[in-house]
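Protein chains in written order, with the numbering used here: chain A, 1 to 111; chain B, 112 to 222.
Scroll down for the structure; my scribbles are underneath it.
2 protein chains.
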Amino acid sequence: MPQQPATLDRLFQALADPTRRAVVERLGQGPAATSELARPFAMALPSFLQHLDVLERAGLVSSAKAGRVRTFQLTPRPLEVVEDWMTTQRRLWERRLDQFDEYVHTLKETE
Amino acid sequence: MPQQPATLDRLFQALADPTRRAVVERLGQGPAATSELARPFAMALPSFLQHLDVLERAGLVSSAKAGRVRTFQLTPRPLEVVEDWMTTQRRLWERRLDQFDEYVHTLKETE
């Protein structure tokens, strides 16, 4: 049932950075090589590679090397894990609001 | 259209901790005082208060003090912001898979 807290920690941590979110957004459109992923960012390559490493360790992306080119692709399952957690929280919250509505309604009827 | 990156940074960062996620889960069921929120955690109060502070600065919770008791409640909008980002990513990804399906289908028909 609940995800390992450490997994969610790593996932949220990986997504708490604009460069890493931009890479996830780009890979949502299809696989890309390191150089293509790095291009939009005014950042030294080693720093950019660290971001890719954080994403890969969180399980959000995977990579494969062919010759001198490493290609990255999105792993959708971890994104679903985060989304599931968010959705569960929203449902809990909405249920509570519904119960509150009912309560107010009951109060009005009793008056 | 897109959220301020700094806002999403703070939100994901705030959710990247099991104690803070547990507080969000608890507050989904209704407001609670500091002491009630702290009870399940084997943690010194100052450390716990820091977690509440991170959640409040990210905008995920708000608090009000009555006498000596501070009560916290969930602010659902920021959770929706995170959920929206997740949903957008999933849609992009699914659209890409659909396009890929179509492409494979076309290849088969051409054969």
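A virtual CB, placed ideally from N, CA and C, is assigned to each residue, including glycine.
query: Starting from the C-beta of A169/B, find all residues in its chain whose C-beta is less than 6 Å away, skip the five residues before and the five after it, and write them out in chain order.; result: R121, L122 and A125
query: Mind listing the chain A neighbours of Q200/B? Cutoff is C-beta to C-beta under 9 Å, in chain order.; result: R21, V24, E25, G28, L74, P76, L79 and E83
query: Which chain B residues are close to Q13/A, counting only those with a beta carbon under 7 Å from its beta carbon?; result: A127
query: Below 8 Å, can you find three or more Cβ-Cβ pairs linking the stretch 178-193 of chain B to the stretch 134-148 of chain B?; result: yes
query: Rounded to whole angstroms, what's the CA-CA distance from F41/A to T19/A? Just pull it up for me.; result: 8 Å
query: How about P187/B and R90/A: do their beta carbons lie closer than 9 Å?; result: yes
query: With a cut-off of 9 Å, does the C-beta of D98/A fall near any C-beta of chain B?; result: no
query: What does a CB cutoff of less than 8 Å around A133/B pick up in its chain, not counting 5 residues either side in sequence?; result: P151 and F152
query: Can you tell me where the beta strand (DSSP E) holding F183/B begins and where it ends?; result: V180 to L185
query: Are the C-beta atoms of L49/A and some chain B residue less than 9 Å apart?; result: no
query: Looking at chain A, is there any beta carbon in it that lies within less than 9 Å of the beta carbon of M197/B?; result: yes
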